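**Q**
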Amino acid sequence: MARKDRLLRDAERGKFLITISSEGGAEESFEGVLVEWDDEHVVLAAAFSVAETGDRLKLDGYMWLPRPRIKYMQAITT
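Heads up: take any position in the sequence shown, counting from 1, add 2, and you land on this note's numbering.
1. May I ask you to list the residues that DSSP assigns as paired with glycine 34?
2. In the DSSP assignment, what residue or residues form a beta bridge with arginine 81?
3. Could you check the C-alpha separation between arginine 71 and aspartate 57 for me, to the nearest Å?
4. Take the Cβ of glutamate 38 as the centre, count every other Cβ of all protein chains shown within 10 Å, and call the residue buried at 16 or more, exposed below.
5. Please report how far the alpha carbon of threonine 21 lies from the alpha carbon of arginine 69, in whole angstroms.
6. How is alanine 13 classed by DSSP in three states: helix, strand or coil?
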C-alpha cells in the first residue's frame, strides 16, 4: 500500500469528491479538503454531502470515511 499512501500524502490539503459504497450497495458522495488519513480512514474538513442531483449539504466538523469503502476519489481543481 506504499504507493497509495504516497499519492495521498502528495494530495493532502487538496479538495476531493469521494464516493463510497454504503451498506446495502448504495453509494454516497462527499466533497471536502483532505486533511488526514491512515490505513483505515481518510478525513475531510469543510465537508459537504453531495446528492445524486448535485445538491450539497454542509456537514459540521470533520467527515471520516472508511478507506476500504472508497470507490472513487476525484481531485477538484479550482
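All residues carry an ideal CB built from backbone N, CA and C; glycine is no exception. For clarity, every value in this text was computed on a predicted model and none was experimentally measured.
**A** So, from the listed chains and residues:
1. Here residue 34 refers to the residue found at position 32 when the sequence shown is read from its first residue. In DSSP, glycine 34 forms a bridge with Phe18.
2. Only positions 3 to 80 of the chain appear in the structure, and residue 81 is not among them; the question remains open.
3. Within the sequence shown, numbered from 1, the residue matching residue 71 stands at position 69. Within the sequence shown, numbered from 1, the residue matching residue 57 stands at position 55. Distance from the CA atom of arginine 71 to the CA atom of aspartate 57, rounded to whole angstroms, is 22 Å.
4. What you label residue 38 is simply residue 36 of the sequence shown in a count that begins at 1. Glutamate 38 comes out exposed.
5. In the sequence shown, residue 21 corresponds to position 19, counting from 1. In the sequence shown, residue 69 corresponds to position 67, counting from 1. Rounded to whole angstroms, threonine 21 to arginine 69 spans 11 Å at the Cα level.
6. Taking the sequence shown and counting its residues from 1, the one referred to as residue 13 is at position 11. Three-state DSSP puts alanine 13 in a helix.
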